[in-house]
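Let me begin by presenting the structure, written as structure tokens, before commenting on it.
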Amino acid sequence: MTTANIGIAAQKGLAVALDSVSFSYGEASFRFDAEFAAGRITAIMGPSGSGKSTLLNLIAGFEAPNAGKVLIGGTDVGNTPPSARPVSMVFQENNLFAHLSVESNVGLGRSPSLKLTSTDRRAVAEALARVGLAGKEKRLPRELSGGERQRVSLARVLLRDRPVLLLDEPFASLGPALRDDMLDLVAGIHAERHMTVLFVTHQPDDARRIGENMAFLDEGRIAATGPAADFFGRSGPDAFRRYIGDRGGSVAGSQHIARKRT
Amino acid sequence: MQPAPRSESRVTAGIVALAAIAVLIGGAFAGLALEGAHDPSGAIAAFDGYLLRVARFTLWQALLSTLLSVAPALLVARALSRHPGFPGRRLILQLFTVPLALPAIVAALGVLALYGHAGYLAGVLGKFGSGEWPGIYGLSGILIAHVFFNLPLATRLFLEALSTVPADQWRLASQLGMGAWPALRLIEWPALRTVLPGVAGLVFMLCITSFTIVLTLGGGPAATTLEVAIYQALRFDFDPARAVVLTLLQIGLTFVIVALLTRLGANTVGDANLPVAPRRYLATGKAETVLNAGLIALALLFVAGPMAATVLAGLDADLGRLAGEETVRRATLTSAALSFLSATLSATLSLSLIAARRTLALRRRAGSAMSLLEHATDTGAGFVLVVPAIVIGAGWFLALRGFTDVFAVAPVMVVAVNAVMAMPFAIRAVRPAYDAASERHERLCLALGISGWNRLRLVDWPSLRRPLATGFAFAMALSLGDLGVIALFGSDSVQTLPYLLLARMGSYRTADAAGLALLLGLVCLMLVVVADWLGREAKA
Numbered sequence: 001m002t003t004a005n006i007g008i009a010a011q012k013g014l015a016v017a018l019d020s021v022s023f024s025y026g027e028a029s030f031r032f033d034a035e036f037a038a039g040r041i042t043a044i045m046g047p048s049g050s051g052k053s054t055l056l057n058l059i060a061g062f063e064a065p066n067a068g069k070v071l072i073g074g075t076d077v078g079n080t081p082p083s084a085r086p087v088s089m090v091f092q093e094n095n096l097f098a099h100l101s102v103e104s105n106v107g108l109g110r111s112p113s114l115k116l117t118s119t120d121r122r123a124v125a126e127a128l129a130r131v132g133l134a135g136k137e138k139r140l141p142r143e144l145s146g147g148e149r150q151r152v153s154l155a156r157v158l159l160r161d162r163p164v165l166l167l168d169e170p171f172a173s174l175g176p177a178l179r180d181d182m183l184d185l186v187a188g189i190h191a192e193r194h195m196t197v198l199f200v201t202h203q204p205d206d207a208r209r210i211g212e213n214m215a216f217l218d219e220g221r222i223a224a225t226g227p228a229a230d231f232f233g234r235s236g237p238d239a240f241r242r243y244i245g246d247r248g249g250s251v252a253g254s255q256h257i258a259r260k261r262t
Numbered sequence: 263m264q265p266a267p268r269s270e271s272r273v274t275a276g277i278v279a280l281a282a283i284a285v286l287i288g289g290a291f292a293g294l295a296l297e298g299a300h301d302p303s304g305a306i307a308a309f310d311g312y313l314l315r316v317a318r319f320t321l322w323q324a325l326l327s328t329l330l331s332v333a334p335a336l337l338v339a340r341a342l343s344r345h346p347g348f349p350g351r352r353l354i355l356q357l358f359t360v361p362l363a364l365p366a367i368v369a370a371l372g373v374l375a376l377y378g379h380a381g382y383l384a385g386v387l388g389k390f391g392s393g394e395w396p397g398i399y400g401l402s403g404i405l406i407a408h409v410f411f412n413l414p415l416a417t418r419l420f421l422e423a424l425s426t427v428p429a430d431q432w433r434l435a436s437q438l439g440m441g442a443w444p445a446l447r448l449i450e451w452p453a454l455r456t457v458l459p460g461v462a463g464l465v466f467m468l469c470i471t472s473f474t475i476v477l478t479l480g481g482g483p484a485a486t487t488l489e490v491a492i493y494q495a496l497r498f499d500f501d502p503a504r505a506v507v508l509t510l511l512q513i514g515l516t517f518v519i520v521a522l523l524t525r526l527g528a529n530t531v532g533d534a535n536l537p538v539a540p541r542r543y544l545a546t547g548k549a550e551t552v553l554n555a556g557l558i559a560l561a562l563l564f565v566a567g568p569m570a571a572t573v574l575a576g577l578d579a580d581l582g583r584l585a586g587e588e589t590v591r592r593a594t595l596t597s598a599a600l601s602f603l604s605a606t607l608s609a610t611l612s613l614s615l616i617a618a619r620r621t622l623a624l625r626r627r628a629g630s631a632m633s634l635l636e637h638a639t640d641t642g643a644g645f646v647l648v649v650p651a652i653v654i655g656a657g658w659f660l661a662l663r664g665f666t667d668v669f670a671v672a673p674v675m676v677v678a679v680n681a682v683m684a685m686p687f688a689i690r691a692v693r694p695a696y697d698a699a700s701e702r703h704e705r706l707c708l709a710l711g712i713s714g715w716n717r718l719r720l721v722d723w724p725s726l727r728r729p730l731a732t733g734f735a736f737a738m739a740l741s742l743g744d745l746g747v748i749a750l751f752g753s754d755s756v757q758t759l760p761y762l763l764l765a766r767m768g769s770y771r772t773a774d775a776a777g778l779a780l781l782l783g784l785v786c787l788m789l790v791v792v793a794d795w796l797g798r799e800a801k802a
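So, in structure tokens, the structure goes:
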């Protein structure tokens, strides 16, 4: 695969760790202890309300823990505002400002005051080309399809070039084929940049397609972690197998198989 | 603990806005308290028969106005709701929004031009009575003007309540063969009953704090309300002790009423959405149709009459000479400048409060209680409605008269008080848009580090400029037509259009007044139409 020249030295991924992090939200309470290896794609699964999004929000800095530490690359980021953390996040929706063009939305990743030099503009154009949106710089988000809008978000991720990428079900509203395309795009970006990717999804297929590691959340705790291949095998954690139902057992070591299915 | 240090500026802006409002209202109260403490015996002596008569009349006219507005409004709203295909229904409903936009003094003039001693209907009305028509000064004039304002408002609020009845209920009613009476009893009345206390409370509140109508149409000590008595005590009798007592009484009265209203769940800002006609599956009988058509026609005539009279009388005036008059030109410029400043201040204060409230709400953990500050930014703005403009004006008038020429501070007072008075309306226009935009953009702005000026320029302004313009136009219309503070502080050197209008009425230059009223009414109406249009576009 050719490396897109975005004009930035690629940063290696950083390990993300949660050290006895506790957090409460109304009635629900969460407690996370986990370490996510640098440069790996970890799929995060679990029932609704188990704390998947909360976990990501804590790492991104949208929520502050009641106690405990969030460490990125070994540094405590507790007092770092979200924009200063070495993190990019893509949400399920509202990743773009509806009144700004595609180019501006991506350009905000370079300058929050939108003062873009010609070098910046070139970088924006290259990032857009990398995600398959060449020539759509002047479009408004509403003139794009759902998949294209998320591609714009990924272009901004490329431009920001942070060592950690958090994906909070960004492709949940897309059809199966389109979702696979997007996942492959993420895998491709990861192959170039080697950032640490934490990827929340409800779809076992998504996890199998690009997940190297797995984390399974249940009732506000991280119930199990491990290589994705183990999770989907017969020896996978019981709670996880119950969660995904019967399919888990029948596709042992299926990462390879799943990758071929489109 | 929450990593949102950059949102501090929004909270600070909110605190500054609250402080400004507190100074305005607190200063007025301090002025009253000092005056009262200065001469306590005078204040006690001011509790006399006159005071009681004024208080009684204030309540009595408000009660009658409420009854006369709300009871017919129930019938008219029901009639309009029963006939979604009534010819000109949309137009009628739009016409019913006009009184909301008209300055009170313009409406008062319209009522006089129609029913007054020399009004268009004087000849006809005289034939019913004993020869010459005496005019409508006093209670009758106040009531007609109050009903002119509040009947359409109540009708629209009731119609909105009726439009919340689910279409399925109407389908069911027609399947069961429900006639007009069972439908009224089982479907319409329950919907109306839930909003009735709130609507009646709102109208009562508006009538009890009505100043301009009573000032222009009330006649002498027999038909005076507390607010007008405050004005007279300060401007004519110069009796500060009496002014203090009257003001305290007015504050006490409004507090009690607002407390009652809040328990009834009243909507104290009073702004109804124009309901779209839903499809009805109900057949109406012939007799009912005739009755309803009659009701609608009567209401229409009553509401349209004074408006038509305003236009006719205004066109009769020598508009060319008026436009050339130096005084008129100066008053127009003064009005334009003051209302522009007032609207700007109002929009700024409102936006500060809205942003601070949202920031505090985001910062608060789910389930935990609101802080005092958040409460203040949330409902604090609504409380300014409890304190009538005349009361604030009276307090400052008393406080300042020892130090400076009170008439010289007129521009400051007019701008500040009108800005604060328009705030609840501006907040209603802007807050939903701000909260929705924040819902969409908050995390994204945090993630990308877009804050402060950049955020205002790139993110907030594009999504808020329309609702802000709506709030601005509305505030400007309110300020432009206001005759409250300026009645206290106005003088020959600082005149606004409503003040000039009042002066011309006082010196019996009725044609001049009518011409000015037409001008003022048209400008205010235009502003409100623009505000409404901008608001609608913003929602689309």
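Listed in order, the protein sequences are those of chains A and B.
Just so we're aligned, residue 1 is where the first sequence starts under the working numbering, counting upward by one.
Just so we're aligned, residue 263 is where the second sequence starts under the working numbering, counting upward by one.
Cβ atoms here follow ideal geometry from the backbone N, Cα and C, with glycine treated the same way.
Contact with chain B by residue i, beta-carbon distance below 8 Å
{"i": "G109 (chain A)", "result": "yes"}
{"i": "S101 (chain A)", "result": "no"}
{"i": "N94 (chain A)", "result": "yes"}
DSSP state of residue i mapped onto helix, strand, coil
{"i": "G226 (chain A)", "result": "strand"}
{"i": "I59 (chain A)", "result": "helix"}
{"i": "E422 (chain B)", "result": "helix"}
{"i": "R663 (chain B)", "result": "coil"}
{"i": "F199 (chain A)", "result": "strand"}
{"i": "E35 (chain A)", "result": "strand"}
{"i": "S29 (chain A)", "result": "strand"}
{"i": "D168 (chain A)", "result": "strand"}
{"i": "K389 (chain B)", "result": "helix"}
{"i": "R771 (chain B)", "result": "coil"}
{"i": "G397 (chain B)", "result": "coil"}
{"i": "V157 (chain A)", "result": "helix"}
{"i": "V520 (chain B)", "result": "helix"}
For residue i, the first and last residue of its enclosing beta strand (DSSP E)
{"i": "N213 (chain A)", "result": "213–218"}
{"i": "G74 (chain A)", "result": "Run containing G74 (chain A): none; DSSP gives neither H nor E here."}
{"i": "A134 (chain A)", "result": "Element bounds for A134 (chain A): n/a, residue is neither H nor E."}
{"i": "D19 (chain A)", "result": "16–25"}
{"i": "V298 (chain A)", "result": "Absent from the model: residue 298 (chain A). The displayed extent of chain A is 1 to 262, so no value can be given."}
Within chain B, partners of residue i - CB distance below 8 Å
{"i": "A84 (chain A)", "result": "G711"}
Within chain A, the residues that residue i reaches when beta carbons sit closer than 9 Å
{"i": "V721 (chain B)", "result": "F97, H99, L100"}
Limits of the alpha helix (DSSP H) - the one that residue i falls within
{"i": "I689 (chain B)", "result": "672–710"}
{"i": "Y312 (chain B)", "result": "311–344"}
{"i": "K548 (chain B)", "result": "548–578"}
{"i": "T596 (chain B)", "result": "588–625"}
{"i": "A239 (chain A)", "result": "238–244"}
{"i": "M182 (chain A)", "result": "176–193"}
{"i": "T222 (chain B)", "result": "This structure cannot settle anything about residue 222 (chain B), because the visible part of chain B is limited to 263 through 802."}
CB contact below 8 Å: residue i versus chain A
{"i": "S725 (chain B)", "result": "yes"}
{"i": "R705 (chain B)", "result": "yes"}
{"i": "R272 (chain B)", "result": "no"}
{"i": "R702 (chain B)", "result": "yes"}
7 Å Cβ cut-off: residues of chain A touching residue i
{"i": "H345 (chain B)", "result": "Near H345 (chain B) there are no residues of chain A at all, since even the closest Cβ is about 39 Å away, more than 7 Å."}
{"i": "N716 (chain B)", "result": "P112, S113"}
Contacts of residue i in chain B (Cβ-Cβ under 7 Å)
{"i": "M89 (chain A)", "result": "A709"}
{"i": "A60 (chain A)", "result": "A709"}
Partner residues on chain B for residue i, Cβ-Cβ distance less than 9 Å
{"i": "A43 (chain A)", "result": "Residues of chain B passing the Cβ test: none, with the nearest at roughly 22 Å."}
Taking only beta carbons into account, state which residues of the stretch 112–128 of chain A come closer than 8 Å to chain C, listed in chain order.
-> In summary, chain C is missing from the structure at hand, where the protein chains are A and B.
Along the stretch 332–365 of chain B, what residues have a CB closer than 9 Å to any CB found in chain A?
-> none
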